[in-house]
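Peer 1: Got a structure for you, questions after.
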Amino acid sequence: MLSSFLRRSLLMGGPLVEKTSTVLVLSSSRCVHSTRVLWKMDEKVRDDRREMMKTMPKPDEGTPGETSLDMGFLRKADLFPDEDTPNQMFGGMLFKDIHIVDVRCSKNNTLMSCHTAGKSRDKVAYNSCSKEGFKNCRKATNVAAQATGISFARMLLEKGVRYIRVRIQGLGPGRVACLKGMQMGGLEVVAIMDVTPIQWTIATRPKKQRRL
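Quick note: the sequence shown uses the numbering used here, first residue 16, plus one each step.
Spelled out as C-alpha cells, the structure:
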C-alpha cells in the first residue's frame with residue numbers, strides 16, 4: 016500500500032516536499048493542458064482561413080437565368096402555340112417557314128446545327144464547342160456553350176438568317192447558355208421546344224455509379 020503522501024505526489028506528477036524536509040524525486044509525467052495560448056493559436060488559424068476565403072474568387076453560378084425565371088406580364092395563353100401559330104408573321108416570314116436550330120446538350124459537349132423548315136431540311140450552318148477550340152473538360156462548361164452560341168449567331172447572320180426556332184435535346188450544362196449566346200449574337204429566338212426523349216420503361220440495368 017502506498018502512503019497518502021506518495022499517492023498525492025503520483026497524481027500531481029511531480030516531487031512534493033514533506034514537512035520533515037525530505038524530498039522524493041519521482042519521474043515526472045507529461046500533462047495535457049488547454050491554455051489561452053493554444054486557444055489564441057486556433058483563433059489565428061481560423062482568422063487566416065477566413066481571410067483566405069475572402070480573397071478566393073466566387074464560384075461560377077452559371078448563366079444568369081439558368082436557375083431563375085423572369086416573370087413578365089404576358090398571359091399564359093400567349094406562351095403556348097395554337098392552331099393559328101403556323102400562319103403568324105415574324106420578321107416578314109411565316110412561322111412554319113422559319114429556320115430551325117437543333118441544339119444537342121450532352122454532359123461533355125454542346126452541338127448546334129441549323130437547317131431549313133419543310134421537307135427539304137437543307138443544312139445551313141453547324142458549330143460546336145470543340146470546333147470553337149474548347150478541348151477536354153472545357154467544352155463541357157456553360158462558358159463554352161455561350162461562346163459557341165455567339166459565333167453560331169454570326170454565322171447565321173452572314174447567311175441572312177435572323178429569326179430562328181430552337182429545339183433543345185439533352186440535359187447538359189449548356190442548355191440556357193447557348194440560348195443566351197445566340198441572343199447576344201443578334202438572333203431573334205421565336206420559339207423554344209424541348210425534344211429531350213423520355214424513357215418511360217427501363218428495360219436494361221442502369222449504368223454503375225461513377226467513382227469520384
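For each residue, glycine too, the CB sits at the ideal point set by N, CA and C.
1. Kindly indicate which three-state DSSP category R61 falls into: helix, strand or coil?
2. Output the boundary residues of the beta strand (DSSP E) element that contains N142.
3. When burial is assigned at 16 or more other CB atoms within 10 Å of the CB, is P101 buried or exposed?
4. Label K195 either buried or exposed according to how many other C-beta atoms from any shown protein chain fall within 10 Å of its C-beta, with 16 as the threshold for buried.
5. Among all the DSSP beta bridges, which residues are the ones paired with M104?
6. Could you give the residue range of the beta strand (DSSP E) that holds R190?
7. Based on Cα-Cα distance, which residue from S143, G106 and R225 lies nearest to R180?
8. Near F149, which residues of its chain fall below 7 Å by C-beta distance, leaving aside the five closest residues on each side in sequence?
9. Among the residues of its own chain, which have a CB less than 8 Å from the CB of M16, if the five just before and after it don't count?
10. Return yes when the Cβ of G187 is within less than 8 Å of the Cβ of G164, no when it is not.
11. Whose C-alpha, out of D117, E66, F95 and E203, is nearest the C-alpha of V210?
12. In terms of DSSP beta bridges, what is R182 paired with?
13. Tell me, please, whether the CB atom of V191 is closer than 8 Å to any CB atom in chain B?
14. Per the DSSP calculation, M127 is bridged to which residue(s)?
15. Can you give me the C-alpha to C-alpha distance between A244 and M71, rounded to a whole angstrom?
Peer 2: According to the data block:
1. Reduced to three states, the DSSP call for R61 is helix.
2. It spans K138 to S143 - the beta strand (DSSP E) in which N142 sits, taken as one unbroken run.
3. Exposed.
4. Counting of Cβ neighbours within 10 angstroms places K195 among the buried residues, the total reaching 16 or more.
5. Looking at the DSSP assignment, M104 forms a beta bridge with L109.
6. That residue, R190, is in no beta strand (DSSP E); its alpha helix (DSSP H) goes R190 to G200.
7. Comparing Cα positions, the closest option is G106.
8. So the qualifying residues of the chain are A159.
9. Model confidence at M16 stands at a pLDDT of 48, short of 50, so the residue's coordinates are unreliable and nothing is read from them.
10. Going by C-beta atoms, G164 is not nearer than 8 Å to G187.
11. Comparing Cα-Cα distances from V210 to each of D117, E66, F95 and E203, the minimum goes to D117.
12. Answer is D117 and M208.
13. Absent here is chain B; the protein component of the structure consists of one chain.
14. In DSSP, M127 forms a bridge with V118 and N142.
15. What is shown of the chain runs 16 to 227, which leaves residue 244 out entirely.
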